[in-house]
Structures are given as structure tokens and as C-alpha cells.
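What follows is one structure encoded as C-alpha cells, with my remarks underneath.
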Amino acid sequence: MKPVIFGVTTLAVAAGLGLYVWQTQSAGANPCGDTAVAGSAIGGPFELISETGETVTEADVITKPTLVYFGYTFCPDVCPLDTARNAAAAYILEDQGIDVGTVFITVDPPRDTVEIVRDFTDNFHDEMIGLTGTPDQIKAASQAYKTYYQAQEGDPDYYLVDHSTQTYLMFPDTGMATFFRRDTSPERMAEVTACFIDRTA
121 MKPVIFGVTT
131 LAVAAGLGLY
141 VWQTQSAGAN
151 PCGDTAVAGS
161 AIGGPFELIS
171 ETGETVTEAD
181 VITKPTLVYF
191 GYTFCPDVCP
201 LDTARNAAAA
211 YILEDQGIDV
221 GTVFITVDPP
231 RDTVEIVRDF
241 TDNFHDEMIG
251 LTGTPDQIKA
261 ASQAYKTYYQ
271 AQEGDPDYYL
281 VDHSTQTYLM
291 FPDTGMATFF
301 RRDTSPERMA
311 EVTACFIDRT
321 A
């Protein structure tokens with residue numbers, strides 16, 4: 121069943137890329153529009169645990185154009201909304217005959233077990249891949265994607281995690297094409313993703 125997204129305003133965590141980012145106005149500079157990034161390459165090798173308990177690498181999960189998001193399942197608002205938005209974009213593209221992947225990587229490995237990550241992703245998209253791992257594995261993946269996360273001090277069972285909230289469009293051979301901010305609609309995400317796919321066909 122395709123998820124229904126409710127319009128809820130949340131306060132996003134304003135951190136993460138550590139790069140100089142600008143909006144490109146020229147179609148020649150970025151023909152698919154949306155955000156362009158300057159800085160080090162984003163993405164790279166990682167080894168994590170899939171929602172089926174298997175050890176996987178980036179080559180195993182990014183086998184086609186894929187939307188990659190870092191979050192955590194205990195997140196009270198931002199992560200569920202972002203993950204639902206990413207799933208909705210994938211369903212829009214599916215309706216257009218375009219096959220894209222969706223990946224959710226936890227930044228809260230102590231609580232996000234294989235089973236919890238699987239239940240979380242299955243709520244949003246039948247084919248969404250949930251990934252967890254050891255703290256060191258998660259740290260390495262986060263560093264490869266230039267993301268930020270930091271657990272807040274407090275209750276050991278109900279703490280929050282500050283984290284960056286961008287979603288990356290990754291290609292298996294060429295890496296990152298662009299990224300999407302929280303305020304990007306699923307329709308716009310689908311439009312830009314389709315453009316990049318069309319240009320690489």
C-alpha cells in the first residue's frame with residue numbers, strides 16, 4: 121500500500137554537509153536543476169548489516185539509481201516524514217515505469233537492530249532497504265557520505281539523535297548525482313531523479 125503523507129511542519133536539524141552549497145540557476149550548470157554541491161566526493165565504500173541480517177556493501181544495495189537517507193527509527197518526526205517522502209517519490213517514479221531504489225541507514229545502531237530497521241522500512245516501501253551495523257560501521261558510512269549525527273545526553277532508552285537530513289541520489293557507477301533537502305516535495309524529487317536517469321540512459 122502506498123503511504124499517505126500528512127503535511128506536518130517540523131524543525132529540521134541544520135547540520136551535515138560541511139561543504140559549500142549553492143542553488144544553481146543556470147540550466148547549463150545543472151541541467152536537471154535542484155541543488156549543486158562543491159567539495160569532496162560524497163559516497164564511497166561501506167560495510168553494513170542489512171535488514172535480513174546479511175553483511176552488505178554499497179555495491180550490494182546501490183545497484184540502480186537509489187535514494188539514500190541517514191536517520192533513526194526512534195526519531196519522533198523528521199525521519200518518518202523524510203522516509204515517507206522518499207518512498208512516495210519512488211512510487212511516483214514506479215508509476216512512470218522508472219525503477220529506483222530506496223535505502224535507509226540508521227545513525228542509532230544501539231537501538232536500531234536488524235528487526236527494528238526492517239519493520240520501520242517495511243512501513244514505507246516494500247522494497248526499501250534498511251541498514252544497520254556496529255557503531256564503527258555506521259561512523260564509516262556516515263563519514264563517506266559527509267553526514268552528521270550526535271546522540272543527545274539523557275535517558276539511555278529515550279534519547280534523541282541530532283543528525284543531518286539530506287537525501288542523496290546515488291548511481292552505482294558514477295556516485296552522487298545530487299541531494300535533496302527536507303523541503304523538497306516527492307513530486308519535485310521524482311522529477312529531478314527522472315531527469316538524471318534520462319541523461320544517463
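Take 121 as the starting number for the sequence shown in our numbering and just add one per residue.
Just so it is clear, CB atoms sit at the ideal spot from N, CA and C, and this is done for glycine as well.
For clarity, every value in this text was computed on a predicted model and none was experimentally measured.
Burial state of residue i, where buried means 16 or more other Cβ atoms lie within 10 Å
{"i": "lysine 184", "result": "exposed"}
{"i": "arginine 205", "result": "buried"}
{"i": "aspartate 242", "result": "exposed"}
{"i": "tyrosine 217", "result": "Per the sequence shown, the amino acid found at residue 217 is glycine instead of tyrosine. Burial call: exposed."}
{"i": "tyrosine 269", "result": "buried"}
{"i": "glutamate 235", "result": "exposed"}
{"i": "alanine 297", "result": "buried"}
{"i": "aspartate 232", "result": "buried"}
{"i": "aspartate 303", "result": "exposed"}
{"i": "tyrosine 189", "result": "buried"}
{"i": "aspartate 239", "result": "exposed"}
{"i": "aspartate 293", "result": "exposed"}
{"i": "proline 196", "result": "exposed"}
{"i": "tyrosine 192", "result": "buried"}
{"i": "threonine 320", "result": "exposed"}
{"i": "threonine 186", "result": "buried"}
{"i": "aspartate 215", "result": "exposed"}
Residue i (DSSP reduced to helix, strand or coil)
{"i": "methionine 309", "result": "helix"}
{"i": "aspartate 180", "result": "helix"}
{"i": "isoleucine 212", "result": "helix"}
{"i": "threonine 320", "result": "helix"}
{"i": "threonine 304", "result": "coil"}
{"i": "threonine 175", "result": "strand"}
{"i": "threonine 231", "result": "Position check: residue 231 holds arginine in this sequence, whereas threonine was assumed. The answer is coil: DSSP assigns arginine 231 none of H, G, I, E or B."}
{"i": "cysteine 199", "result": "helix"}
{"i": "cysteine 152", "result": "coil"}
N- and C-terminal bounds of the beta strand (DSSP E) containing residue i
{"i": "glutamate 167", "result": "167-170"}
{"i": "isoleucine 225", "result": "221-226"}
{"i": "tyrosine 288", "result": "287-291"}
{"i": "glycine 164", "result": "Careful: glycine 164 lies outside any beta strand (DSSP E) and carries neither H nor E."}
{"i": "alanine 297", "result": "295-300"}
Bridge partners - residue i, DSSP secondary structure assignment
{"i": "phenylalanine 240", "result": "Phenylalanine 240 is not bridged to any residue."}
{"i": "aspartate 282", "result": "Gln270"}
{"i": "valine 188", "result": "Val223, Tyr288"}
{"i": "leucine 251", "result": "Ser170, Ile225"}
Start-to-end residues for the alpha helix (DSSP H) that takes in residue i
{"i": "isoleucine 258", "result": "255-264"}
Neighbour flag for residue i against chain D, beta carbons, 7 angstroms
{"i": "alanine 310", "result": "In the structure shown, chain D does not exist; there is a single protein chain."}
Evaluate contact between the stretch 284-300 and the stretch 240-248, counting only Cβ atoms and requiring at least three cross-stretch pairs below 8 angstroms. no
With three or more beta-carbon pairs closer than 8 angstroms as the criterion, would you say the stretch 260-270 touches the stretch 225-237? yes
Cβ contact check for the stretch 164-173 and the stretch 268-275: 3 or more pairs under 8 angstroms: No, they do not touch.
Contact between the stretch 297-314 and the stretch 206-214 is defined here as three or more beta-carbon pairs at a separation below 8 angstroms; is this criterion met? As far as the Cβ criterion goes, the stretch 297-314 touches the stretch 206-214, which means the pair count is three or higher.
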